[in-house]
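Q:
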Amino acid sequence: MVRRLRLNRITIACALTLAGVLATICGTPARAQDIPDTPAGRVLRAWLEAFNSGDRARMDDFLKSYAPKLNEAVIASAQFRGQSGGLDLLAITRNEPLSIGFRVQEKTQPTVVAGKIKITAAKPPAIESFVLRVIPTGGIPEDIIIDAALRKQVIGDILTNLTTFYVYPEAAERMARGLLEHEAHGDYNSAADGDDFASQLSTHLVEISHDKHIRVFYNPYKLPADLPALSPDQLLENRKAMARDCGFRKLEILPNNIGYLKFDFFPDPMACGRIAASAIYFLSNTDAVIFDLRDNTGGDPRMVSMMCTYLFDQPTHLNDFYERKDNTTTENWTLRYVPGLRIGHKPAYVLTSSRTFSGAEEFAYDLKNLKRATIIGETTAGGSHAMSPHRAGDHFTIYVPGARSINPITKTDWEGTGVTPDVSVKADDALEAAQKLAAKKIQQDSDRSTARTN
4 MVRRLRLNRI TIACALTLAG VLATICGTPA RAQDIPDTPA GRVLRAWLEA FNSGDRARMD
64 DFLKSYAPKL NEAVIASAQF RGQSGGLDLL AITRNEPLSI GFRVQEKTQP TVVAGKIKIT
124 AAKPPAIESF VLRVIPTGGI PEDIIIDAAL RKQVIGDILT NLTTFYVYPE AAERMARGLL
184 EHEAHGDYNS AADGDDFASQ LSTHLVEISH DKHIRVFYNP YKLPADLPAL SPDQLLENRK
244 AMARDCGFRK LEILPNNIGY LKFDFFPDPM ACGRIAASAI YFLSNTDAVI FDLRDNTGGD
304 PRMVSMMCTY LFDQPTHLND FYERKDNTTT ENWTLRYVPG LRIGHKPAYV LTSSRTFSGA
364 EEFAYDLKNL KRATIIGETT AGGSHAMSPH RAGDHFTIYV PGARSINPIT KTDWEGTGVT
424 PDVSVKADDA LEAAQKLAAK KIQQDSDRST ARTN
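Here the sequence shown stands for residues 4 to 457, numbered as in the numbering used here.
#1: In three-state terms, what does DSSP make of K328?
#2: Starting from V209, follow the alpha helix (DSSP H) in both directions and report where the run begins and ends.
#3: Measuring CB atoms only, is the stretch 197–211 touching the stretch 168–183, in the sense that at least three cross pairs come out at less than 8 Å?
#4: Report back the beta-carbon spacing between A433 and R297 to the nearest angstrom; my notes put them in contact at under 8 Å.
#5: Does the stretch 396–404 come close enough to the stretch 160–173 that 3 or more CB-CB pairs lie under 8 Å?
#6: From this set, I445, F285 and K121, which residue's C-alpha is nearest K349's C-alpha?
#7: Extract the residue ranges of the alpha helix (DSSP H) inside the stretch 267–321, only unbroken runs of 4 or more that lie entirely within it.
#8: Between I120 and A195, is the Cβ-Cβ spacing less than 9 Å?
#9: Quick check: the Cα distance between K443 and H216, rounded to an integer number of angstroms?
#10: Using the DSSP secondary-structure output, state which residues sit across from W336 in a beta bridge.
#11: Pull up the distance between the alpha-carbon of I78 and that of T289, whole angstroms please.
#12: How many angstroms separate the CA atom of A26 from the CA atom of D91?
#13: Which residue comes first and which comes last in the alpha helix (DSSP H) that contains I161?
#14: Tell me whether Q447 is buried or exposed, calling it buried when 16 or more other Cβ atoms sit within 10 Å of its Cβ.
#15: Run through DSSP, which three-state label would R358 get?
#16: Is the beta carbon of N299 closer than 9 Å to that of F268?
#17: State the start and end residues of the unbroken alpha helix (DSSP H) segment that holds L434.
#18: Alpha carbon to alpha carbon, how far is I293 from T415? Give it in angstroms, no decimals.
#19: Taking 8 Å as the cut-off, does the stretch 46–64 touch the stretch 137–151 (at least 3 CB pairs, one atom from each stretch)?
#20: Tell me which same chain residues have a C-beta within less than 6 Å of the C-beta of A201, skipping the five on either side of it?
#21: Exposed or buried, which one is K265 when buried takes at least 16 other CB atoms within 10 Å?
#22: From G405, K371, V428 and G396, pick the residue whose C-alpha is nearest to that of E381; which is it?
#23: Is it buried or exposed, L183, if we count other Cβ atoms within 10 angstroms and call 16 or more buried?
#24: Reducing DSSP to helix, strand and coil, say where V46 ends up.
#25: Since G419 and H213 should fall inside the 8 Å C-beta cutoff, what is the C-beta to C-beta distance between them, to a whole number of angstroms?
#26: Measure the alpha-carbon distance for P100 versus G301 and round it to whole angstroms.
#27: So for L183, helix, strand or coil by DSSP?
#28: Going by CA-CA distance only, name the one from A291, I130, E334 and R106 that's closest to K67.
#29: In terms of residue numbering, what span does the beta strand (DSSP E) encompassing D190 cover?
#30: Out of E365, I158 and Y169, point me to the one whose CA is closest to Q203's CA.
#31: Measure the beta-carbon distance from S356 to S387 and round it to whole angstroms, keeping in mind my assumption that it falls under 8 Å.
#32: Among residues of its own chain, excluding the 5 on either side of R458, which ones have a beta-carbon nearer than 8 Å to its beta-carbon?
#33: Going straight from the alpha carbon of D450 to that of E334, what length do you get?
#34: On the criterion of 16 or more Cβ atoms from any shown chain inside 10 Å, does V24 qualify as buried, or is it exposed?
#35: Sort Y313, R305, E109 and R45 by Cα distance to N55 and report the nearest one.
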């Protein structure tokens, strides 16, 4: 099940290091001078030059000029630049005054990436959307124009997937009726661009279901119906690629011997388990720990379980997962074994914001209800459903929430409501509040220990 999802007007896909990064597409590379001298082309040229410079200040200047409100774009661009070593332009795939499609290849890897930039008509222009997607192994680049027949096929496939997999059958029926009504009213007739069509479908599905996990994505490539299984060597290379960014952003010892760990998603433990264990080992001799999930958008449920396990010495029932397709419920406990040291019983604090989503919410919700951590910050985004990708034709994928969490204590989940903090403060003030509470708790524990000794 996939839990991680970033929802922004600009999406710089951090899946750039996920499975299938070893695709190679032959052809004559394009030259920088081949970029058309259009408003969108000039933005693409400026981005490539800033990106390939390796200069963080230059990249920041570009983003301030064209996307001043999107800090995540700064982070994602800087991380990807460090991983790729820069990009070579392979081809211009679509050329319109305010929109440009392109393919680039990493300088240090055989990874090919399809991109698209759309800008506003304002002067100076602003980036309206910016998408980068890896062409996976076996993928054939094909940026197509959407016509009526394809729209109808995609909608039909989406309805089938919703009816089969969506966690609540009644809600699936409502979404199906809603999409058919939009189609009958001609609301999709002008959608000739794949990303625009996918965005329209996603917006309507979320409006009907209020489920923040459901999304439709356009793929500017065609996948064969039956993908060959990855070889052991390919799996190893994919995990190495994933391990380039495991989401751990900051690790330090704060005053009063308080450990602090900020991580922004829960990665695949097969790729990043050792890094997670090393981070916990670093925190093991502190007197309290703070987990900063204010920018964490979820991820792999297995890593959620692994990170929870470090906070318990005995087997602990975390939650259950109900899966619609098989009508089964599976208990989810802490793991029998995790590498390295455990944190033990020391005080733990989890920082949240309105951006905290999905698997990050699960981490906070489980620990809160088990009274193992104090949650500090803002009520979270409210997305508890686990989702899986399903094909909708050759070029579209719908992520269908097909499972839900059932907490053994509350008998419910945080879908639509979010996780309410124990201490409600603005997200920007959460770290300071946690440090004060942790320092007070450490002092109280020290005083009690001294009193017992005397």
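Backbone N, C-alpha and C fix where the C-beta goes; we use that ideal spot for every residue, glycine too.
A: With the given structure in hand:
#1: It is coil, neither helix nor strand.
#2: Counting along the chain, the unbroken alpha helix (DSSP H) around V209 starts and ends at G197 to S212.
#3: Output reads yes: the stretch 168–183 touches the stretch 197–211.
#4: Right, their Cβ atoms sit about 7 Å apart.
#5: The way I'd put it, the stretch 160–173 does touch the stretch 396–404; three or more beta-carbon pairs between them come closer than 8 Å.
#6: K349 has its Cα closest to that of I445, out of I445, F285 and K121.
#7: Segments of the alpha helix (DSSP H) lying fully in the stretch 267–321: 272–286 and 304–312.
#8: No.
#9: Using only the alpha carbons, I get a separation of about 39 Å.
#10: Its beta-bridge partners are H320.
#11: In this prediction, I78 has a pLDDT of 42, which is less than 50 and means its spatial position is unreliable; what the coordinates show is noted afterwards. Going from the Cα of I78 to the Cα of T289 covers about 29 Å.
#12: Caution applies to A26, whose pLDDT of 32 falls short of 50 and renders its modelled position unreliable; the model cannot decide the point.
#13: Counting along the chain, the alpha helix (DSSP H) containing I161 begins and ends at A151 to F168.
#14: Around the beta carbon of Q447, a 10 Å sphere encloses fewer than 16 other beta carbons of the protein chains shown; the residue is thus reported as exposed.
#15: Reduced to three states, the DSSP call for R358 is coil.
#16: Inclusion of F268 and N299 in the CB contact set at 9 Å is warranted, their separation being smaller than that value.
#17: Per DSSP, L434 belongs to the alpha helix (DSSP H) from A433 to T456.
#18: Their backbone Cα atoms lie some 26 Å apart in a straight line.
#19: They do not touch, by the three-pair rule.
#20: Answer for A201: V219, F220 and Y221, listed in chain order.
#21: A residue is called buried when at least 16 other Cβ atoms come within 10 angstroms of its Cβ; K265 meets this threshold and is buried.
#22: Per the Cα distances, V428.
#23: Exposed is the call here.
#24: Here V46 sits in helix by DSSP.
#25: Yes, G419 and H213 are in contact; Cβ-Cβ is about 6 Å, under 8 Å.
#26: Rounded to the nearest angstrom, the two C-alpha atoms are 37 Å apart.
#27: When DSSP states are grouped into helix, strand and coil, L183 belongs to the helix group.
#28: Each of A291, I130, E334 and R106 was checked against the Cα of K67, and the nearest Cα belongs to I130.
#29: For D190, there is no enclosing beta strand (DSSP E), as DSSP gives it neither H nor E.
#30: Taking each of E365, I158 and Y169 in turn and checking the Cα distance to Q203, the smallest one comes out for I158.
#31: Wrong, their Cβ atoms sit about 17 Å apart, outside the cutoff.
#32: This structure gives no information on residue 458, because the portion of the chain shown stretches from 4 to 457.
#33: Using only the alpha carbons, I get a separation of about 40 Å.
#34: With a pLDDT of only 30 at V24, under the threshold of 50, the placement of this residue in the model should not be trusted, and no figure is reported.
#35: Answer by Cα proximity: E109.
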